[in-house]
Structures are given as C-alpha cells and as structure tokens.
Amino acid sequence: MALGGRVGRRDGTRGGAGKLPRPARRGNGTVSDDSQEVFETICRALRVHAGDEAKITRETMILADLEIDSVDVFDMIMEVEDAFDISIPMEVIGEVQSVGELTDAVVRLRKG
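All residue numbers for the sequence shown refer to the numbering used here, where the first residue is 83 and numbers rise by one.
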C-alpha cells in the first residue's frame with residue numbers, strides 16, 4: 083500500500099479503534115480460513131475508520147476509495163491481526179492495495 087497522504091477523513095473526523103469480535107469457531111473448534119469470513123472481518127475493521135456507510139467490495143482500493151489515512155490503515159491492520167491472531171509482514175502490507183488483495187493475503191497467512 084502506498085501509505086501516506088491525508089491526515090484524516092474529509093469530514094474532519096477520525097475513526098476510532100475498536101476491538102473486533104473474533105471470527106466464529108466452527109465444527110472442530112478451529113477458525114475457518116474461509117475467504118468470505120476474512121473479507122467480512124476486514125470490512126468491519128474498515129468501517130470503524132471509514133464509516134458504516136462505506137461501500138466496500140473486493141475491488142475497493144483501501145486508500146484511494148475510502149476516506150481514511152495511513153494511521154487508520156495501520157489501526158485497521160492491527161485489528162485484523164488481532165482478530166485472526168496473525169502478523170501481517172510489512173512487505174505484504176506494502177504490496178496490498180485493494181480489499182480483495184488484503185483478504186487473499188490474510189487467508190494465505192492463516193494457512194501458514
């Protein structure tokens with residue numbers, strides 16, 4: 083992600099960091115690595131910063147399409163890491179631009 087740019091959202095407000103609920107455990111007690119579950123968790127994290135009204139699809143460009151700044155992006159990344167108990171390497175963060183790319187990266191990291 084080409085991080086940098088805006089200091090806050092255009093309306094002058096800043097999203098608040100909140101704890102995301104952990105994804106539901108299924109069947110044998112393991113967290114599913116289902117792409118849809120990961121996508122929905124990322125969307126919840128993004129809406130904390132971009133607002134509930136934000137239209138988010140896999141094609142949404144995280145910085146270009148959402149009115150969030152790089153600090154909000156890093157907050158969102160930390161929330162996703164906490165939700166899935168993973169660490170997203172900086173080189174992966176640097177390559178990701180869209181919500182779909184982030185979803186795919188998280189799914190890969192969860193699979194190990």
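In this text, a Cβ means the ideal position worked out from N, Cα and C, and glycines have one as well.
Find out if the Cβ-Cβ distance for the pair residue 127, residue 150 is shorter than 8 Å.
Remark: C-beta atoms of residue 127 and residue 150 do not approach each other more closely than 8 Å.
Have a look at residue 85 and residue 134 and give me their C-alpha separation to the nearest angstrom.
Here residue 85 scores only 39 on pLDDT, less than 50, and its place in the model should not be relied on; the value that follows carries that caveat. Our two residues, residue 85 and residue 134, have alpha carbons roughly 22 Å apart in a direct line.
Sequence-distant residues of its chain with Cβ nearer than 8 Å to residue 148 (five each side left out):
Closer than 8 Å at the Cβ level, and outside the excluded window around residue 148, lie 128, 131, 132, 136, 138, 142.
Measuring only the C-alpha atoms, how far is residue 87 from residue 188?
Annotation note: pLDDT 37 at residue 87 (below 50); position unreliable, no value reported.
Per DSSP, cross-strand counterpart(s) of residue 143
According to DSSP, residue 143 bridges with 180.
If you check the beta carbons only, do residue 192 and residue 166 fall under 8 Å apart?
Contact: yes.
Terminal residues of the continuous alpha helix (DSSP H) containing residue 159?
152-166 is the extent of the alpha helix (DSSP H) around residue 159.
Determine the extent of the alpha helix (DSSP H) in which residue 128 is found, giving its start and end residues.
Where residue 128 is concerned, the enclosing alpha helix (DSSP H) stretches over 117-132.
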